[in-house]
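2 protein chains.
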Amino acid sequence: MTEAHVTAAVLVIGNEILSGRTKDANLPYLGERLAELGIRLAEARVVPDLEAEIVAAVDALRARYTYVFTTGGIGPTHDDITAECVAAAFGRPLIRNPEALALLQAHYAPGDLNEARLRMANTPEGASLIENPISHAPGFRIENVHVLAGVPAVMRAMFEGLAPGLTGGPPLRSRTLTSKLPEGALAAGLGAVQERYPEVDIGSYPSFRDGRPSVAVVLRATDEPRLAAAAEEVGALIRDLGAEPRETG
Amino acid sequence: MTEAHVTAAVLVIGNEILSGRTKDANLPYLGERLAELGIRLAEARVVPDLEAEIVAAVDALRARYTYVFTTGGIGPTHDDITAECVAAAFGRPLIRNPEALALLQAHYAPGDLNEARLRMANTPEGASLIENPISHAPGFRIENVHVLAGVPAVMRAMFEGLAPGLTGGPPLRSRTLTSKLPEGALAAGLGAVQERYPEVDIGSYPSFRDGRPSVAVVLRATDEPRLAAAAEEVGALIRDLGAEPRETG
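As they're listed, the protein sequences go chains A and B.
For the first sequence, position 26 (counting from the first letter as 1) is numbered 26 according to the working numbering, and the numbering increases by one without interruption.
For the second sequence, position 226 (counting from the first letter as 1) is numbered 1226 according to the working numbering, and the numbering increases by one without interruption.
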């Protein structure tokens, strides 16, 4: 399986995701956008708002992947501990970042910039800021770790601001062929196509609607001619099995 | 932070989640249901369909948490490798499970039970089956690891079948108080409540609608009287700040 060699991990920080209260919306967004940038999202973790857990996950992921993106835990309340944890992971002191402080001072009326909100100006020493065009309190980057907000609209704005500075490999293209076959009918032929196209990543995703099976075959590769050839073979396979492939993505 | 001492991890297996193609729906379901059963979902990971990644994650999680639930990768196609990987993680041979085979033989017409579908009868040696009332191919349990389907309807049916056999601690109760305050106004007072109630896990979740802030304070604990007392204090805090708390969950 050959994909882009530039990799990323996402670390979702927050009890609310683990309790089921909040459905994470950031992971699919980042997965899709990173793929467009030629960066393969290779792993994601969700950890609670506990320092030891966050530090361990940041450390494990930053050593392993080209880029790490964290979401959540950068607000003003007691459960927002991401900045401290990232500082600890890098063994750097947590400082009140002067540039972040200036941003908050420009946004809040003097009486409103209380101690809790001032915490949002804390970053590890040496971090550079990530702009927050929506609610102003910035994210930050330190080495390969990008610390983003958890609120999806803010996370997206932060990510789009930093995206032009990310260096990806060739973008991963994808084709999706859906048919009303049961997955098990397609499996042998699909495995054979996968063997002939090791550089194309072929996934098979079954679903059931009104009890009737359908299967989406997703092909992903950086090499367009090989992707097209593999998709052609999958389409032929589906037709051989008496169904009609629909291109659905 | 005191919560239930029985813990769980969810391991989501599948390239489609990391590529952003598929939004995971299983994690919030499991987080919520486990909490009701007195089991704290303490971590989740998403890994691609790669043997080394799946084996490493199964090993890390099963050593650390009371229960592990995997989702995905148990279908008939070449990218369904969860059973092999769990067998490898436990150092056990992968066998054609006779009981699983009988289930498939009862479901499929003889000509339809091809080699690909027969793979769905493979389990690590010594695994016990988890019933699949929807599409018949079973999941399985080995020690504390429960291997479930990725298709949400099937995953849920499997989980509900095994849920009565899980041993939880006291259920985690929660209260949610929402108000139209900006999070930063609430932060100092909320931190003080958290300090007075270390056994209640208090989270603060901001959102913005039409540019106007709102914040949901979620309190979770196993001890109902302490939970009620902490929620009372949070309500009073919100009123002191000139807003009206709404109980939203």
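All C-beta atoms in this analysis are idealised placements derived from N, C-alpha and C, irrespective of residue type, glycine included.
Q.
Here's a check: name, in chain order, each residue in its chain whose Cβ is nearer than 7 Å to the Cβ of residue 5 of chain A, leaving out the five neighbours to either side.
A. Residue 5 of chain A sits at position 5 when you count from the first residue of the first sequence. Apart from the 5 residues on each side of it in sequence, residue 5 of chain A sits with its Cβ closer than 7 Å to the Cβ of 169 in its chain, given in chain order.
**Q.** Range covered by the beta strand (DSSP E) that runs through residue 1213 of chain B
**A.** For this step, residue 1213 of chain B is matched to residue 213 along the second sequence. Note, residue 1213 of chain B: beta strand (DSSP E), 1212-1221.
Q. On the three-state DSSP scale, how would you describe residue 67 of chain A?
A. On the first sequence, position 67 is the one that residue 67 of chain A refers to. Of the three classes helix, strand and coil, the one that applies to residue 67 of chain A here is strand, per DSSP.
Q. If you run the structure through DSSP and keep just helix, strand and coil, what is residue 3 of chain A?
A. As a working note, residue 3 of chain A is residue 3 in the first sequence. Per-residue confidence for residue 3 of chain A stands at a pLDDT of 44, beneath the threshold of 50, marking its modelled position as unreliable; no derived number is given.
Q: Find the residues of chain B that neighbour residue 194 of chain A, judging by a C-beta separation of less than 7 Å, and give them in chain order.
A: To locate residue 194 of chain A, count along the first sequence from 1; it is residue 194. Correct list: 1078.
Q: For residue 1016 of chain B, count neighbouring C-beta atoms within 10 Å of its own C-beta (all shown protein chains included) and say buried if the count is 16 or more, exposed if not.
A: Here residue 1016 of chain B is taken as the residue at index 16 of the second sequence, counted from 1. Under the 10 Å beta carbon count, residue 1016 of chain B is surrounded by 16 or more other beta carbons and is classified as buried.
Q. For chain B, is any of its Cβ atoms less than 9 Å away from the one on residue 159 of chain A?
A. By one-based count along the first sequence, residue 159 of chain A stands at place 159. Chain B contact via Cβ: absent.
(Q) Cutting at 7 Å between CB atoms, please list the residues of its own chain near residue 142 of chain A, excluding the five before and the five after it. (A) Sequence index remark: in the first sequence, residue 142 of chain A carries index 142 (1-based). In its chain, beyond the 5 residues on either side, 86, 90, 124, 126 and 127 have a beta carbon closer than 7 Å to the beta carbon of residue 142 of chain A.
Q.
Could you check whether the Cβ of residue 23 of chain A sits closer than 9 Å to any Cβ belonging to chain B?
A. Your numbering for residue 23 of chain A matches position 23 in the first sequence. So, interface residue.
Q. Given a threshold of 16 other Cβ atoms within 10 Å of its Cβ, counted over all protein chains shown, does residue 1212 of chain B qualify as buried or as exposed?
A. Residue 1212 of chain B sits at position 212 when you count from the first residue of the second sequence. Here residue 1212 of chain B is exposed: its Cβ has fewer than 16 other Cβ atoms, across all protein chains shown, within 10 Å.
Q.
Please state the DSSP three-state secondary structure of residue 184 of chain A.
A. Walking along the first sequence from the start, residue 184 of chain A turns up at place 184. Residue 184 of chain A sits in a helix when the DSSP states are folded into three classes.
Q: Pull up the distance between the alpha-carbon of residue 1003 of chain B and that of residue 1201 of chain B, whole angstroms please.
A: As a working mapping, residue 1003 of chain B is identified with position 3 in the second sequence. As a working mapping, residue 1201 of chain B is identified with position 201 in the second sequence. No answer about residue 1003 of chain B holds up, because its pLDDT of 44 lies below 50 and its placement is not dependable.
Q.
For residue 9 of chain A, count the other beta carbons within 10 Å of its own beta carbon; 16 or more makes it buried, fewer makes it exposed. Which is it?
A. Position 9 of the first sequence holds residue 9 of chain A. So residue 9 of chain A ends up on the buried side.
Q | Short Cβ contact (9 Å threshold) for residue 1065 of chain B with residue 21 of chain A | A | For this step, residue 1065 of chain B is matched to residue 65 along the second sequence. For this step, residue 21 of chain A is matched to residue 21 along the first sequence. Not a contact, by the Cβ cut-off of 9 Å.
Q | Below-9 Å beta-carbon distance, residue 1155 of chain B vs any chain A residue | A | Working through the second sequence from its first residue, we reach residue 1155 of chain B at position 155. Taking Cβ atoms only, chain A never reaches closer than 9 Å to residue 1155 of chain B, which makes this a no.
**Q.** Boundaries of the alpha helix (DSSP H) in which residue 157 of chain A is found, first to last residue
**A.** Against the first sequence, residue 157 of chain A aligns to sequence position 157. Where residue 157 of chain A is concerned, the enclosing alpha helix (DSSP H) stretches over 152-162.
(Q) Using CA atoms only, rank isn't needed, just tell me which of B:1023, B:1018, B:1137 and B:1036 is closest to residue 1166 of chain B. (A) Working through the second sequence from its first residue, we reach residue 1166 of chain B at position 166. Checking every option, the nearest Cα to that of residue 1166 of chain B belongs to B:1036.
Q: Name the residue from B:1075, B:1028 and B:1084 whose alpha carbon lies nearest to the alpha carbon of residue 1054 of chain B.
A: As a first step, residue 1054 of chain B is located in the second sequence; it is residue number 54 there, counting from the start. For the residues B:1075, B:1028 and B:1084, the minimum Cα distance to residue 1054 of chain B belongs to B:1084.
Q: Look at residue 1129 of chain B and residue 1074 of chain B and say whether their C-beta atoms are less than 9 Å apart.
A: In the second sequence, counting from the first residue as 1, residue 1129 of chain B sits at position 129. In the second sequence, counting from the first residue as 1, residue 1074 of chain B sits at position 74. In this structure, residue 1074 of chain B does not lie closer than 9 Å to residue 1129 of chain B by Cβ.
Q) Cα separation between residue 121 of chain A and residue 1191 of chain B? A) Here residue 121 of chain A refers to the residue found at position 121 when the first sequence is read from its first residue. Here residue 1191 of chain B refers to the residue found at position 191 when the second sequence is read from its first residue. Between residue 121 of chain A and residue 1191 of chain B, the C-alpha separation is close to 18 Å.
Q. By how many angstroms is the C-alpha of residue 1228 of chain B removed from the C-alpha of residue 1222 of chain B?
A. Along the second sequence, read from residue 1 onward, the residue named residue 1222 of chain B stands at position 222. Along the second sequence, read from residue 1 onward, the residue named residue 1228 of chain B stands at position 228. Rounded to the nearest angstrom, the two C-alpha atoms are 11 Å apart.
Q: Give the residues of chain A in contact with residue 1035 of chain B, contact being defined as C-beta atoms less than 8 Å apart.
A: As a first step, residue 1035 of chain B must be located in the second sequence, where it is residue number 35. By Cβ distance, chain A contributes 19 and 20.
Q. Would DSSP call residue 1062 of chain B helix, strand or coil?
A. Stepping through the second sequence from its first residue, residue 1062 of chain B is reached at position 62. Helix, per DSSP.
Q) Can at least three beta-carbon pairs, one atom from the stretch 1024-1039 of chain B and one from the stretch 1150-1157 of chain B, be found at a separation below 8 Å? A) By the C-beta criterion, the stretch 1024-1039 of chain B is judged to be in contact with the stretch 1150-1157 of chain B, since at least 3 inter-stretch pairs fall below 8 Å.
Q) Hey, would you say residue 1177 of chain B sits closer than 9 Å to residue 1247 of chain B, going by beta carbons? A) Counting from 1 along the second sequence, the entry for residue 1177 of chain B is found at position 177. Counting from 1 along the second sequence, the entry for residue 1247 of chain B is found at position 247. Between residue 1177 of chain B and residue 1247 of chain B, the CB-CB gap stays under 9 Å.
Q) Out of curiosity, what's the CA-to-CA distance linking residue 1041 of chain B and residue 217 of chain A? A) Position 41 of the second sequence, counted from the start, is the residue given in the question as residue 1041 of chain B. Position 217 of the first sequence, counted from the start, is the residue given in the question as residue 217 of chain A. Each residue's CA atom was taken as its position, placing residue 1041 of chain B and residue 217 of chain A some 32 Å apart.
Q. Checking contacts by CB at 9 Å: is residue 201 of chain A closer than that to chain B?
A. Residue 201 of chain A sits at position 201 when you count from the first residue of the first sequence. Any Cβ of chain B closer than 9 Å to the Cβ of residue 201 of chain A would place that residue at the interface, and such an atom is present.
Q | Option nearest residue 1163 of chain B by Cα separation, candidates B:1080, B:1172, B:1146 and B:1093 | A | In the second sequence, the residue the question calls residue 1163 of chain B occupies position 163. Among B:1080, B:1172, B:1146 and B:1093, the Cα nearest to that of residue 1163 of chain B belongs to B:1146.
(Q) Among B:1195, B:1171, B:1198 and B:1180, whose alpha-carbon lies nearest the alpha-carbon of residue 1031 of chain B? (A) Stepping through the second sequence from its first residue, residue 1031 of chain B is reached at position 31. For residue 1031 of chain B, the closest C-alpha among the options B:1195, B:1171, B:1198 and B:1180 is that of B:1171.
(Q) Under 8 Å: does the beta carbon of residue 132 of chain A sit that close to some heavy atom of the ligand GTP? (A) Among the components modelled here there is no ligand, and therefore nothing to report on the ligand GTP.
Q: Grab the span of the alpha helix (DSSP H) containing residue 1235 of chain B for me, first residue to last.
A: Position 235 of the second sequence, counted from the start, is the residue given in the question as residue 1235 of chain B. Element bounds for residue 1235 of chain B: 1224-1240.
Q. Residues of chain A with CB under 7 Å from residue 1069 of chain B, in chain order?
A. Within the second sequence, numbered from 1, the residue matching residue 1069 of chain B stands at position 69. Scanning chain A for C-beta atoms nearer than 7 Å to the C-beta of residue 1069 of chain B yields nothing, as the closest lies near 13 Å away.
(Q) For residue 19 of chain A and residue 1038 of chain B, I'd like the C-alpha separation in whole angstroms. (A) Locating residue 19 of chain A in the first sequence gives position 19, counting from the first residue. Locating residue 1038 of chain B in the second sequence gives position 38, counting from the first residue. Spanning the alpha carbons of residue 19 of chain A and residue 1038 of chain B requires a straight line of approximately 11 Å.
Q.
Please list, in chain order, the chain A residues whose beta carbon lies closer than 8 Å to that of residue 1122 of chain B.
A. Reading the second sequence from its first residue, position 122 is the one you call residue 1122 of chain B. Among the residues of chain A, none has a CB under 8 Å from the CB of residue 1122 of chain B; the nearest is roughly 13 Å distant.
Q: May I ask you to list, following chain order, the residues of the stretch 1036-1065 of chain B that have a beta carbon less than 9 Å from some beta carbon of chain A?
A: Correct list: 1040, 1041, 1042, 1043, 1044, 1045, 1046, 1047, 1048, 1049, 1050, 1053 and 1057.
Q. Does any residue of chain B bring its CB to less than 9 Å from the CB of residue 114 of chain A?
A. The count along the first sequence starts at 1 and reaches residue 114 of chain A at position 114. It does: the Cβ of residue 114 of chain A has a partner Cβ on chain B nearer than 9 Å.
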